[in-house]
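K.L.:
Quick note, the sequences are listed as chains E and D, same order.
Numbering-wise, the working numbering comes out as the position in the first sequence, counting from 1, plus 7.
Numbering-wise, the working numbering comes out as the position in the second sequence, counting from 1, plus 11.
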Amino acid sequence: MLTKRIVPCLDIKNGRTVKGVNFVDLRDAGDPVELAKIYADTGADELVFLDISATEEKRRTLLDLVMRVAAAVDIPFTVGGGISSVEDIDNLLHAGADKVSINSSAVKNPQLINDASAKFGSQCITVAIDAKQIDGEWFVHLVGGKVPTDINLFEWAQEVEERGAGEILFTSMDHDGTKDGFANEALEILSEMLNIPIIASGGAGNMQHFADTFIKGKSDAALAASVFHFKEIDIQDLKKELKKQGIAVRL
Amino acid sequence: MKIVIINYGAGNIQSIKFAVQRLGHEAVLSHDAEEIMAADKVIFPGVGEASSAMKMLRETGLDTVIPNLKQPVLGICLGMQLMCHSSEEGNTKGLSIFDVDVHRFTNEVKVPQIGWNQIAELKSDLFTGIKENEFIYLVHSFYAPICSETIATTNYGLKYSTALQKDNFYGTQFHPEKSSKAGTQILKNFLNL
Chain E
8 MLTKRIVPCL DIKNGRTVKG VNFVDLRDAG DPVELAKIYA DTGADELVFL
58 DISATEEKRR TLLDLVMRVA AAVDIPFTVG GGISSVEDID NLLHAGADKV
108 SINSSAVKNP QLINDASAKF GSQCITVAID AKQIDGEWFV HLVGGKVPTD
158 INLFEWAQEV EERGAGEILF TSMDHDGTKD GFANEALEIL SEMLNIPIIA
208 SGGAGNMQHF ADTFIKGKSD AALAASVFHF KEIDIQDLKK ELKKQGIAVR
258 L
Chain D
12 MKIVIINYGA GNIQSIKFAV QRLGHEAVLS HDAEEIMAAD KVIFPGVGEA
62 SSAMKMLRET GLDTVIPNLK QPVLGICLGM QLMCHSSEEG NTKGLSIFDV
112 DVHRFTNEVK VPQIGWNQIA ELKSDLFTGI KENEFIYLVH SFYAPICSET
162 IATTNYGLKY STALQKDNFY GTQFHPEKSS KAGTQILKNF LNL
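What follows is the structure, encoded as structure tokens:
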């Protein structure tokens with residue numbers, strides 16, 4: 008049976024993890040490779056690296072990091088942040104990334120989704136969508152959720168699937184950082200409307216939130232950062248709890 | 012031991028090279044027929060789309076080299092699908108090593124299938140030390156049905172082949188290089204053949 012995925016997300020700047028991590032057993036808490044290895048060994052199903060570096064020079068540091076992660080880790084990982092061309096994607100996949108996640112550049116240039124999925128296959132093209140509710144309607148936001156657009160979340164998600172995305176990573180800006188649970192109503196609509204997997208992001212605070220997003224939100228995977236980085240939730244404990252609630256997980 | 016990973020186009024093949032390295036071996040990436048024929052073990056990866064991958068194999072002449080290899084050959088993901096008779100992806104002929112046609116999952120399930128599923132009904136040296144219902148990582152939209160060459164099955168809407176074997180040719184739909192400890196064991200088994 009296909010299992011639900013638990014996906015820790017690591018924010019990367021200049022080749023280092025930026026959000027604080029609380030792993031006493033790490034020699035170097037800022038080294039993404041060490042952190043990735045620990046997650047891979049303790050039951051994470053997949054990893055996401057989100058690069059927030061700005062300059063070209065620093066993006067080359069990212070390629071070097073991707074190669075070091077691929078050399079060290081035996082589970083799949085996705086790389087996102089600042090990807091704007093087929094060439095960027097080619098470089099990342101060539102360095103050893105399994106999937107790439109495109110966000111703002113897909114909104115600015117939707118043809119990139121078609122071009123990338125035709126060249127590399129839908130299975131390695133994730134489209135990340137950040138959205139926020141304004142007067143009851145969900146609108147897509149750009150640049151890490153800072154810049155609003157007039158694009159409706161569900162219309163955009165539909166278009167993204169039609170253009171060949173293999174998966175959607177949906178972050179609710181209303182839930183991100185609240186630790187109050189995922190945006191399960193919107194996730195359920197997305198999951199029922201589309202025929203590609205949906206990764207839920209934003210709002211994880213406790214184990215029940217994960218169970219809820221798989222059962223109520225019908226999500227295929229759940230992404231979180233700080234609850235894992237600060238050891239508030241242990242992935243093995245989380246999976247045991249999910250299994251107890253009848254959710255298929257890899258244990 | 013000389014291990015060659017067939018390099019015939021875009022995609023992530025570094026991961027396989029790294030997985031072989033973690034097992035203490037070096038693998039070379041090559042599309043040179045003589046180098047491939049001289050290898051002890053050949054890994055045939057596949058990332059991308061079937062008809063364009065077949066086109067690249069024909070252009071480089073590898074479409075006639077691969078089916079005539081005598082050493083153990085492991086096709087992974089699209090590599091396994093290309094070793095089949097045909098594929099619905101781009102309606103292309105395959106290398107016809109395995110006598111089975113590759114189909115697309117129907118929309119009764121989410122396509123692509125992405126994530127960890129289980130392998131069962133294991134019957135091959137490839138699975139020495141692997142228990143029934145072990146978890147492996149898959150990411151694919153097309154599948155090979157059950158046939159006489161099936162050596163592992165998985166359920167996703169229907170039961171299909173997650174591994175095939177004919178003589179010295181092995182194929183896995185899953186990614187051993189991304190399937191944690193079980194995947195490493197399977198890759199190790201292949202290198203020990």
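From the three backbone atoms N, C-alpha and C, an ideal C-beta is built for every residue, glycine too.
Note that this is a predicted model, so its numbers are computed, not measured.
Taking only beta carbons into account, state which residues of the region 151–173 of chain D come closer than 7 Å to chain E, listed in chain order.
P.N.:
Residues passing the 7 Å Cβ filter: 151, 152, 166 and 167.
K.L.:
Listing by chain order, which chain E residues have their CB less than 8 Å from the CB of residue 30/D?
P.N.:
Start at 1 with the first residue of the second sequence, and residue 30/D comes out as number 19. Within chain E, the residues near residue 30/D are 81.
K.L.:
Less than 8 Å between the beta carbons of residue 185/E and residue 151/E, yes or no?
P.N.:
Indexing the first sequence from 1 puts residue 185/E at position 178. Indexing the first sequence from 1 puts residue 151/E at position 144. The answer is no: Cβ separation not under 8 Å.
K.L.:
From the DSSP output, in three-state form, read off residue 177/D for me.
P.N.:
What you label residue 177/D is simply residue 166 of the second sequence in a count that begins at 1. Three-state DSSP puts residue 177/D in a strand.
K.L.:
Among residues of its own chain, excluding the 5 on either side of residue 158/D, which ones have a beta-carbon nearer than 8 Å to its beta-carbon?
P.N.:
Numbered from 1 along the second sequence, position 147 holds the residue referred to as residue 158/D. Result list for residue 158/D: 109, 110, 111, 172 and 175, in chain order.
K.L.:
If the cut is a Cβ gap below 9 Å, which residues of chain D does residue 180/E touch?
P.N.:
Taking the first sequence and counting its residues from 1, one reaches residue 180/E at position 173. By Cβ distance, chain D contributes nothing, its closest Cβ being about 24 Å from residue 180/E, past 9 Å.
K.L.:
Output yes or no for whether 8 Å exceeds the beta carbon distance between residue 98/D and residue 55/D.
P.N.:
The sequence position of residue 98/D within the second sequence is 87, counting from 1. The sequence position of residue 55/D within the second sequence is 44, counting from 1. It is not a contact, given that the beta carbons lie outside the stated cut-off.
K.L.:
Pull up the DSSP beta-bridge partners for residue 24/E, would you.
P.N.:
Sequence index remark: in the first sequence, residue 24/E carries index 17 (1-based). Answer is 19/E.
K.L.:
CB-CB under 7 Å to residue 74/E, same chain, minus the five flanking residues each way: which ones, in chain order?
P.N.:
Residue numbering aside, residue 74/E sits at position 67 when the first sequence is read from its first letter. Counting only Cβ-Cβ distances below 7 Å, and skipping sequence neighbours, we find 102 and 103.
K.L.:
Kindly list, in the order they appear in chain E, the residues whose Cβ is closer than 9 Å to that of residue 56/D.
P.N.:
Translated into positions along the second sequence, residue 56/D becomes position 45. None at all; the shortest Cβ gap to chain E is about 12 Å.
K.L.:
Among the residues of its own chain, which have a CB less than 6 Å from the CB of residue 94/D, if the five just before and after it don't count?
P.N.:
Taking the second sequence and counting its residues from 1, the one referred to as residue 94/D is at position 83. Closer than 6 Å at Cβ, skipping near neighbours: 86, 106, 108, 109 and 182.
K.L.:
Mind checking if residue 216/E is an interface residue toward chain D, Cβ cutoff 8 Å exclusive?
P.N.:
Counting from one through the first sequence, the residue named residue 216/E turns up at place 209. Chain D contact via Cβ: absent.
K.L.:
Please report the distance separating the alpha-carbon of residue 25/E from that of residue 41/E.
P.N.:
For this step, residue 25/E is matched to residue 18 along the first sequence. For this step, residue 41/E is matched to residue 34 along the first sequence. Approximately 14 Å, taken between the alpha carbons.
K.L.:
Quick check: the region 244–258 of chain E against the region 71–91 of chain E, are at least 3 beta-carbon pairs closer than 8 Å?
P.N.:
Taking 8 Å as the limit for Cβ pairs, the verdict is that the region 244–258 of chain E does not touch the region 71–91 of chain E.
K.L.:
With a 10 Å radius around its C-beta and 16 neighbouring C-beta atoms as the bar for buried, classify residue 179/E as buried or exposed.
P.N.:
Within the first sequence, the letter at position 172 stands for residue 179/E. Flag for residue 179/E reads buried.
K.L.:
Quick one: what does DSSP say residue 38/E is sitting in, helix, strand or coil?
P.N.:
Here residue 38/E corresponds to residue number 31 of the first sequence, with the count starting at 1. Correct three-state label for residue 38/E: coil.
K.L.:
If distances are taken between C-alpha atoms only, which option among 88/D, 79/D and 193/D comes closest to residue 142/D?
P.N.:
If you number the second sequence from 1, residue 142/D lands on position 131. Looking at the Cα atoms, 193/D is the closest of the given residues.
K.L.:
In whole angstroms, what separates the C-alpha of residue 148/D from that of residue 187/D?
P.N.:
Position 137 of the second sequence holds residue 148/D. Position 176 of the second sequence holds residue 187/D. One C-alpha to the other measures close to 7 Å.
K.L.:
Residues bridged to residue 200/D by DSSP?
P.N.:
The residue you call residue 200/D lines up with position 189 of the second sequence. Residue 200/D is not bridged to any residue.
K.L.:
Is residue 88/D near residue 151/D, with beta carbons less than 8 Å apart?
P.N.:
Working through the second sequence from its first residue, we reach residue 88/D at position 77. Working through the second sequence from its first residue, we reach residue 151/D at position 140. In this structure, residue 151/D lies closer than 8 Å to residue 88/D by Cβ.
K.L.:
For residue 114/E and residue 87/E, which I take to be in contact (beta-carbon distance under 8 Å), what is that distance rounded to the nearest angstrom?
P.N.:
As a working note, residue 114/E is residue 107 in the first sequence. As a working note, residue 87/E is residue 80 in the first sequence. In fact, because the Cβ distance is near 14 Å, the residues do not count as touching under 8 Å.
K.L.:
Which bits of chain D does residue 257/E rub up against, with CB to CB less than 7 Å?
P.N.:
By 1-based counting over the first sequence, the position of residue 257/E is 250. Within 7 Å Cβ-Cβ: 127 and 146.
K.L.:
Determine, using beta carbons only, whether residue 45/D comes closer than 8 Å to chain E.
P.N.:
Position 34 of the second sequence, counted from the first residue, corresponds to residue 45/D. Cβ-Cβ to chain E under 8 Å: no for residue 45/D.
K.L.:
In chain E, which residues lie with their C-beta within 9 Å of the C-beta of residue 15/D?
P.N.:
On the second sequence, residue 15/D is found 4 positions in, with the first residue counted as 1. Ordered by position in chain E, no residue passes the 9 Å Cβ test against residue 15/D, which lies about 18 Å from the chain.
K.L.:
At what residue ranges does the region 214–250 of chain E contain a whole run of the alpha helix (DSSP H), taking only runs of 4 or more?
P.N.:
Counting whole runs of 4 or more residues, the region 214–250 of chain E contains the alpha helix (DSSP H) stretches 214–222 and 233–236.
K.L.:
What in chain E is Cβ-close to residue 191/D, meaning under 8 Å?
P.N.:
For the purposes of this step, residue 191/D is taken as the residue at position 180 of the second sequence. Going along chain E in sequence order, the residues near residue 191/D (Cβ under 8 Å) are 47, 81 and 82.
K.L.:
Between residue 110/E and residue 68/E, which are expected to be in contact by the criterion C-beta below 8 Å, what is the C-beta distance as a whole number of angstroms?
P.N.:
As a first step, residue 110/E must be located in the first sequence, where it is residue number 103. As a first step, residue 68/E must be located in the first sequence, where it is residue number 61. No, residue 110/E and residue 68/E are not in contact; Cβ-Cβ is about 20 Å, not under 8 Å.
K.L.:
Is residue 127/E near residue 96/E, with beta carbons less than 8 Å apart?
P.N.:
Numbered from 1 along the first sequence, position 120 holds the residue referred to as residue 127/E. Numbered from 1 along the first sequence, position 89 holds the residue referred to as residue 96/E. Yes, these two residues count as a Cβ contact at 8 Å.
K.L.:
At a CB distance below 7 Å, what residues from the region 107–122 of chain D approach chain E? Give them in sequence order.
P.N.:
The residues in question are 118, 121 and 122.
K.L.:
Of the residues 27/D, 80/D and 31/D, which one's Cα is nearest the Cα of residue 45/D?
P.N.:
Along the second sequence, read from residue 1 onward, the residue named residue 45/D stands at position 34. Ranking the options by Cα distance to residue 45/D, first place goes to 80/D.
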